[in-house]
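Have a look at the structure below, then the notes.
There are 2 protein chains.
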Amino acid sequence: MSQQRTGHEAGITGRVGAVTPSAVLGSQPDFPDLPEATVARLPEYLRALHHLAETGHDTVSSEGLALAAGVNSAKLRKDLSHLGSYGTRGVGYDIEPLVGQIEYILGLNKRRAVALVGVGNLGHALAGYAGFASRGFRIAALFDADLTRVGELINGIAVRHIGDIPEVVKSEAISIAVLATPAGAAQAVADQLVAAGVTSILNFAPVVLNLPEQVDVRKVDLAVELQILSFHEHRKSARGAEQAKALARGAELAKTVARNGSPVAARGEVAA
Amino acid sequence: MSQQRTGHEAGITGRVGAVTPSAVLGSQPDFPDLPEATVARLPEYLRALHHLAETGHDTVSSEGLALAAGVNSAKLRKDLSHLGSYGTRGVGYDIEPLVGQIEYILGLNKRRAVALVGVGNLGHALAGYAGFASRGFRIAALFDADLTRVGELINGIAVRHIGDIPEVVKSEAISIAVLATPAGAAQAVADQLVAAGVTSILNFAPVVLNLPEQVDVRKVDLAVELQILSFHEHRKSARGAEQAKALARGAELAKTVARNGSPVAARGEVAA
DNA sequence: CGCGATTTGTGCACCTGTTCACAAGCGCTT
DNA sequence: AAGCGCTTGTGAACAGGTGCACAAATCGCG
Numbered sequence: 053m054s055q056q057r058t059g060h061e062a063g064i065t066g067r068v069g070a071v072t073p074s075a076v077l078g079s080q081p082d083f084p085d086l087p088e089a090t091v092a093r094l095p096e097y098l099r100a101l102h103h104l105a106e107t108g109h110d111t112v113s114s115e116g117l118a119l120a121a122g123v124n125s126a127k128l129r130k131d132l133s134h135l136g137s138y139g140t141r142g143v144g145y146d147i148e149p150l151v152g153q154i155e156y157i158l159g160l161n162k163r164r165a166v167a168l169v170g171v172g173n174l175g176h177a178l179a180g181y182a183g184f185a186s187r188g189f190r191i192a193a194l195f196d197a198d199l200t201r202v203g204e205l206i207n208g209i210a211v212r213h214i215g216d217i218p219e220v221v222k223s224e225a226i227s228i229a230v231l232a233t234p235a236g237a238a239q240a241v242a243d244q245l246v247a248a249g250v251t252s253i254l255n256f257a258p259v260v261l262n263l264p265e266q267v268d269v270r271k272v273d274l275a276v277e278l279q280i281l282s283f284h285e286h287r288k289s290a291r292g293a294e295q296a297k298a299l300a301r302g303a304e305l306a307k308t309v310a311r312n313g314s315p316v317a318a319r320g321e322v323a324a
Numbered sequence: 053m054s055q056q057r058t059g060h061e062a063g064i065t066g067r068v069g070a071v072t073p074s075a076v077l078g079s080q081p082d083f084p085d086l087p088e089a090t091v092a093r094l095p096e097y098l099r100a101l102h103h104l105a106e107t108g109h110d111t112v113s114s115e116g117l118a119l120a121a122g123v124n125s126a127k128l129r130k131d132l133s134h135l136g137s138y139g140t141r142g143v144g145y146d147i148e149p150l151v152g153q154i155e156y157i158l159g160l161n162k163r164r165a166v167a168l169v170g171v172g173n174l175g176h177a178l179a180g181y182a183g184f185a186s187r188g189f190r191i192a193a194l195f196d197a198d199l200t201r202v203g204e205l206i207n208g209i210a211v212r213h214i215g216d217i218p219e220v221v222k223s224e225a226i227s228i229a230v231l232a233t234p235a236g237a238a239q240a241v242a243d244q245l246v247a248a249g250v251t252s253i254l255n256f257a258p259v260v261l262n263l264p265e266q267v268d269v270r271k272v273d274l275a276v277e278l279q280i281l282s283f284h285e286h287r288k289s290a291r292g293a294e295q296a297k298a299l300a301r302g303a304e305l306a307k308t309v310a311r312n313g314s315p316v317a318a319r320g321e322v323a324a
């Protein structure tokens, strides 16, 4: 632990694009095949680099950057080596060109237009989230199914009805959408988005979307994150108890143990 | 793609608990060492199972559950086999006991108290997020540094000042905290939480927290998710251009082909 | 101008996780 | 009671990712 889990690592198959037609053609020099795990870390490196740049550095060692990004330095070096090299031995990496390269790879050299569907509780917050704007994205459209919300201004953008999706997605050339609808509506909305031309979706609804192969979907489920933490909590306390037991076994102090007796009991209850 | 990336896979080191003291003692029968990748998928299985139960099923095949959870069936079976077996050959899994077992493993048999720090834009939405309550968690306390927000009621809970963290965390026996502060404040707040006894943190602030070994941290960075999608968008368009070029190079019927991309190209399309 | 300190880039071994493919097990039907 | 079809559980091969450890490269300094 404390090795931060960043909420997307690798695990899932292959190099990005390793199977695409371009493999046949040989990969483009300016577009190397990056391991998916590396791609997932690049944004973190980018953030760390921006921070370093703002605090007056113009060079970092792999050690320093790794620390700031929460990974180990060998991994960092290997990741960066995949982008073609931007470091100088004995010195480190020049921050500015490195930032440029990562931004280019991530496609952040042009600010991308994003649509957000579902301005309920969470959607509303996302619409106002400054982090999107400051890190390469522009919320270009808001949609909701609820007619009473249509017209509402959030952060200067008017909420439109989901019926307008085809029109707006085309006119604004939107390819990325954020889905913050209730679970029940998510699939239908996703279908509409895809039909309108969206090819990447960030899904906050707790459902597995069923979409064509070529559409990229990332899922963020807030409750899932907590449940994973809960598991570790459970384990910690179980281990703790066990440890205590082990100690007690060796010794006399049975009393302390009695208090946190094994939670083997109750199950069920819980989720509504 | 379309193989949904769930925003946390494995990649990060070892079996859960493989290094804990209990390894020495031999692992408990009721608390097997689960691969981290498996743990990350359990919540998704649980959600799918609840959904199935609600729609009247009381049995599922690995195929069916895998479909509902967005994974392949072999993976699912292996995952479930780690919890000790709950399936019947020729039939499938009994939903009810399986739900119970997963909830037990995840430590959801008791409803866990969670503290949320930072009731700004995002924090406010999280405080009102119904998904937490419905999936095993109880927001037991809200904190903010801003005195003008202290006292405000959100979802029936009063916002308290972060100075009260030690007291409240102890009295409510809180071990999990959600961090939704601005980046600048996150580290300091995290330190306070840990000092007060919190041992798991879900961090929404875009910073790498530096905390003791035994504290579990999961990070969710919304902009990072979009940046990863952006990468894939970028790649898709780059590939598209390339493909077009290649096709143009090769043939006369560039036009017809351009639309559907060659069958060879279609194969496997992209990672996952 | 050469030497030592430093730091990158990478070959390699290890390890986790995924997937395949099939034997074992179960229930239903005849 | 035996056979058949279906589904689980898992051994084994594979794939991808990680981290070590070191050679190669660069800089600064005397």
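Protein sequence lines, in the order shown, are assigned to chains A and B.
Counting from 53, one number per residue, gives the positions in the first sequence under this note's numbering.
Counting from 53, one number per residue, gives the positions in the second sequence under this note's numbering.
Where is the CB? At the ideal position from N, CA and C, for every residue including glycine.
Bear in mind that the values here come from a model prediction, so they are computed numbers and not experimental data.
Contact of residue 118/A with chain B is not assigned, every C-beta pair being separated by 7 Å or more. Contact check for residue 232/A against residue 167/A fails: the beta carbons are separated by 7 Å or more. Assignment of residue 189/A by DSSP, reduced to helix, strand and coil, places it in the strand class.
About 4 Å separates the Cβ atoms of residue 95/B and residue 279/A, confirming a contact at the 8 Å cut-off. Within its own chain, the residues whose Cβ lies closer than 7 Å to the Cβ of residue 201/A, once the five positions on either side in sequence are excluded, are 171, 211, listed in chain order.
Taking C-alpha positions only, residue 127/A is separated from residue 114/A by approximately 9 Å.
Residue 261/B is positioned such that its CB atom lies closer than 7 Å to that of residue 242/B. Cβ contact annotation for residue 133/B (same chain, cutoff 6 Å, sequence separation greater than five): none. Per DSSP, residue 253/B lies in no alpha helix (DSSP H) segment; the continuous beta strand (DSSP E) that holds it begins and ends at 252-255.
Scanning 188/B, 245/B, 206/B, 186/B for the CA closest to the CA of residue 216/B turns up 245/B. For the stretch 273-294 of chain A, the residues whose beta carbon sits under 9 Å from a beta carbon of chain B are, in order, 273, 274, 275, 276, 277, 278, 279, 280, 281, 282, 283, 284, 285, 286, 287, 288, 289, 290, 291, 294.
Contacts with chain B (Cβ-Cβ distance below 7 Å) from the stretch 238-253 of chain A involve 251, 252, listed in chain order. Across the set 272/A, 97/A, 270/A, the C-alpha of 97/A shows the shortest separation from the C-alpha of residue 129/A. Residues of the stretch 161-181 of chain B whose Cβ lies closer than 8 Å to any Cβ of chain A, in chain order: 161, 162, 163, 164, 166, 173, 174, 176, 177, 178, 180, 181. The Cβ atoms of residue 227/B and residue 285/A sit closer than 7 Å to each other.
Membership of residue 217/B in the alpha helix (DSSP H) is indicated by the continuous run 217-223. Looking only at 86/B, 85/B, 273/B, the smallest Cα-Cα distance to residue 181/A is reached by 273/B. Contact of residue 92/A with chain B is assigned, a C-beta pair being separated by under 7 Å. As DSSP reads the structure, residue 145/B sits in a beta bridge with 112/B, 139/B.
Think of a sphere of 8 Å around the beta carbon of residue 260/A: the chain B residues whose beta carbon falls inside it are 56, 96, 100, 120, 121, 122, in chain order. Relative to residue 92/B, the option among 141/B, 157/B, 143/B, 140/B whose CA is nearest is 157/B.
When the alpha-carbon of residue 256/A is set against those of 269/A, 105/A, 124/A, 136/A, the nearest one is in 269/A. For the set 87/A, 90/A, 137/A, 101/A, the Cα lying nearest the Cα of residue 187/A is the one of 101/A. Residue range 268-271 is occupied by the beta strand (DSSP E) that includes residue 271/B. By the criterion of a C-beta distance shorter than 7 Å, residue 109/B is surrounded in its chain by 147, once the five residues flanking it on both sides are discounted. By the beta-carbon neighbour count (other beta carbons within 10 angstroms, threshold 16), residue 240/B is exposed. Membership of residue 246/A in any beta strand (DSSP E) is not indicated; the residue belongs instead to the alpha helix (DSSP H) covering 235-248.
Judged by beta-carbon spacing, residue 179/A lies beyond the 7 Å limit of residue 214/A, meaning their Cβ atoms are not closer than that value.
Going by C-alpha positions, residue 138/A is about 17 Å away from residue 121/A. Pairing residue 184/A with residue 275/B, the inter-Cα distance amounts to about 6 Å. Residue 195/B has a beta carbon lying at 7 Å or more from every beta carbon in chain A. Look at residue 270/B: its C-beta is under 7 Å from a C-beta on chain A.
In the assembly as shown, residue 271/A is a buried residue. Its beta-carbon has 16 or more other beta-carbons within 10 Å. Here the alpha carbons of residue 173/B and residue 117/B stand approximately 36 Å from one another. Rounded to whole angstroms, the gap between the alpha carbons of residue 248/B and residue 283/A is 21 Å. Against residue 227/A, the close residues of chain B are 285, in the order they occur along the chain (beta-carbon pairs closer than 8 Å).
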